[in-house]
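Numbering (UniProt numbering), first residue to last: 1 to 482.
Given below as structure tokens:
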């Protein structure tokens with residue numbers, strides 16, 4: 001597994017992409033009609049926000065638990081169990097119409113939220129079967145099926161509106177509001193069958209040597225504190241990012257309904273456009289990852305978010321047109337993968353292979369906390385403020401959060417120490433931030449400076465001999481126990 005993921009894992013990575021796509025399809029096929037469904041069952045805007053938040057809250061609890069189990073049990077078993085829970089959740093969501101109660105809808109959304117743990121497992125699986133050098137590219141690639149699901153979901157919603165009778169004209173249990181639930185039951189069942197038959201669990205790593213096996217003369221308490229600050233900083237950046245995503249998706253449907261008088265069909269088209277922009281951002285981030293460090297990509301994405309938010313607030317105060325609204329949504333969506341994928345990759349590079357599932361679960365908790373608080377914050381703003389003010393407040397808070405993220409990210413310096421050795425010689429590679437703790441702290445944050453062999457010897461005093469048949473040794477950090 002040198003430079004790329006082993007070809008033996010390619011079918012499993014493709015299947016993992018479909019698992020990630022499943023959650024996106026389930027989420028985006030429900031979103032355009034969730035507000036009307038909750039109103040039909042007697043709920044209001046707070047119920048709509050609660051449906052979004054219980055989805056996120058169940059993800060917050062399930063992701064670290066599922067990640068810990070994946071470190072001890074097979075990925076196939078954990079994936080399968082979560083998929084079964086999602087099937088039951090979609091059944092409850094669809095049956096809420098027949099029961100004429102909001103509670104089955106909320107419980108169903110809570111159970112389907114457990115499926116968010118599969119995204120965390122997919123990132124852990126990808127990190128397990130790829131190398132450090134190509135991890136950012138593969139994680140960015142894994143975001144593409146996730147965004148494709150956001151395109152297919154609204155497309156399926158349009159199909160349901162054309163095939164099934166409207167909920168306004170029929171009492172049939174299968175209509176435009178319940179069809180997403182029944183459809184997802186069938187789709188997720190097919191994914192379950194494919195997972196049991198096709199997914200290959202990763203074998204124990206034979207290339208990676210733990211940093212605990214390497215005596216580093218520079219491993220001082222100060223450096224360990226620096227590592228702890230970077231770890232916590234990545235978590236805070238993820239929290240701020242998902243706080244914005246959660247509030248943005250909550251504001252989106254009410255804004256289009258109030259300002260432009262759009263219904264589920266127009267909102268489905270809008271979600272397709274947003275998903276296309278997300279795919280474009282993920283593809284661009286994957287293409288740039290071999291040339292730019294994770295920190296640089298995160299800086300670019302954060303600066304773009306701040307700029308587009310400010311532009312959106314200026315035009316909103318001047319009665320934003322539909323086309324300007326589309327451009328703002330596209331700009332914000334395009335910037336998200338530039339922050340999300342590199343931060344996940346950077347965090348995984350600071351993780352031990354043995355605990356990567358648990359560590360990704362901990363990072364996901366911070367993401368889900370932001371995704372849970374975002375809808376409640378946006379709903380409160382809509383209820384307390386005028387139309388011309390609540391968007392300004394929502395975007396304004398995100399600008400402040402993004403500025404805080406920018407201040408954190410700008411303190412992390414892209415490293416340039418080549419940690420990979422082959423036959424006793426240095427091997428050049430594109431540097432990553434996981435190396436920055438071993439790099440020259442006075443180097444410019446946007447420059448990759450060369451390090452001489454004598455300097456490298458000052459950092460690594462003793463190397464563990466390669467096992468027979470191995471031509472290289474990978475040196476990585478041992479964990480996130482900070």
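C-beta atoms are modelled at their ideal positions from N, C-alpha and C, and glycine is treated no differently.
All values derive from a computational prediction rather than experimental measurement.
Using a 10 Å radius around the Cβ and a threshold of 16 neighbouring Cβ atoms, would you call residue 131 buried or exposed? Taking all protein chains in view, the Cβ of residue 131 is crowded by 16 or more other Cβ atoms within 10 Å, so the residue is classified as buried.
Residue 257 to residue 35, Cα distance in whole Å? Cα to Cα, residue 257 sits roughly 11 Å from residue 35.
Around the C-beta of residue 332, are 16 or more other C-beta atoms found within 10 angstroms, so that it is buried, or is it exposed? Burial call: buried.
Mind checking whether residue 275 and residue 378 have CB atoms under 9 Å apart? Residue 275 is not a Cβ neighbour of residue 378, given a cutoff of 9 Å.
Cutting at 6 Å between CB atoms, please list the residues of its own chain near residue 361, excluding the five before and the five after it. For residue 361, where only same-chain residues beyond five positions count, the Cβ hits under 6 Å are 63, 64, 67 and 120.
For residue 249 versus residue 375, is the C-beta spacing smaller than 9 Å? Yes; because the gap between Cβ atoms is below 9 Å, this pair is in contact.
On the three-state DSSP scale, how would you describe residue 175? Under the three-state reduction of DSSP output, residue 175 falls in the coil class, being neither helix nor strand.
Please report the distance separating the alpha-carbon of residue 358 from that of residue 309. Each residue's alpha carbon lies about 34 Å from the other.
Can you give me the C-alpha to C-alpha distance between residue 235 and residue 347, rounded to a whole angstrom? Answer to the nearest angstrom: the Cα atoms are 9 Å apart.
For the region 84-99 against the region 108-117, are there 3 or more C-beta pairs whose distance is under 8 Å? A contact is defined here as three or more CB-CB pairs under 8 Å, and the region 84-99 meets this definition with respect to the region 108-117.
Looking only at its chain, what residues have a beta carbon closer than 6 Å to the beta carbon of residue 75, apart from the 5 residues adjacent to it on each side? Cβ neighbours of residue 75 beyond the five flanking positions: 125 and 201.
Between the C-alpha atoms of residue 70 and residue 316, what's the straight-line distance to the nearest angstrom? So the two alpha carbons sit approximately 46 Å from each other.
Here's a check: name, in chain order, each residue in its chain whose Cβ is nearer than 6 Å to the Cβ of residue 304, leaving out the five neighbours to either side. Excluding positions up to five away in sequence, the list reads 335.
Is the beta carbon of residue 37 less than 9 Å from the beta carbon of residue 99? 9 Å or more divides the Cβ of residue 37 from the Cβ of residue 99.
Taking the runs of the beta strand (DSSP E) that are 3 residues or longer, which of them lie wholly in the region 98-124? DSSP runs (the beta strand (DSSP E)) wholly in the region 98-124: none.
Taking the alpha carbon of residue 370 as the reference point, which residue from 46, 240 and 339 has its own alpha carbon closest? Minimum Cα distance to residue 370 is reached at 240.
Measure the beta-carbon distance from residue 59 to residue 117 and round it to whole angstroms, keeping in mind my assumption that it falls under 8 Å. Confirmed, Cβ separation roughly 7 Å.
Which same chain residues, not among the five before or five after residue 139, have their C-beta less than 7 Å away from its C-beta? 123, 126, 341, 344 and 345.
Just to confirm, is the Cβ distance from residue 149 to residue 21 under 9 Å? Against a cut-off of 9 Å, the Cβ pair of residue 21 and residue 149 comes out as a contact.
6 Å Cβ shell around residue 160 - same chain, five flanking residues per side excluded: Taking residue 160 as the centre and dropping the five residues before and after it, the same chain places the C-beta of 176 and 179 closer than 6 Å to its C-beta, in chain order.
Are the Cβ atoms of residue 49 and residue 143 separated by less than 9 Å? Not a contact, by the Cβ cut-off of 9 Å.
Just to confirm, are residue 102 and residue 43 a CB contact at a threshold of 9 Å? When the beta-carbon positions are compared, residue 102 and residue 43 come within less than 9 Å of each other.
Which complete beta strand (DSSP E) runs does the region 235-316 hold, if anything under 3 residues is left out? Counting whole runs of 3 or more residues, the region 235-316 contains no beta strand (DSSP E) stretch at all.
If you drop the 5 nearest sequence neighbours on each side, which residues of the same chain put their C-beta closer than 6 Å to that of residue 25? Excluding sequence neighbours, residue 25 sits near 149, 152 and 153.
Look at residue 253 and residue 32 and say whether their C-beta atoms are less than 9 Å apart. For the 9 Å CB-CB criterion, residue 253 and residue 32 form a contact.
If I follow the unbroken alpha helix (DSSP H) through residue 9, where does it start and stop? Taken as a continuous stretch (DSSP letters only), residue 9 belongs to no alpha helix (DSSP H), as it is neither H nor E.
Relative to the C-alpha of residue 325, which residue among 15, 299, 270 and 245 is closest? Comparing alpha-carbon positions, the option among 15, 299, 270 and 245 lying closest to residue 325 turns out to be 270.
Apart from the five residues on each side of it in sequence, which residues of its chain come closer than 6 Å, Cβ to Cβ, to residue 242? The beta carbon of residue 242 lies closer than 6 Å to those of 367, 370 and 371 in the same chain, with the five residues before and after it left out.
May I ask which residues mark the beginning and end of the alpha helix (DSSP H) holding residue 342? 322-349 is the extent of the alpha helix (DSSP H) around residue 342.
Rounded straight-line distance, which links the Cα of residue 279 to that of residue 13: One C-alpha to the other measures close to 18 Å.
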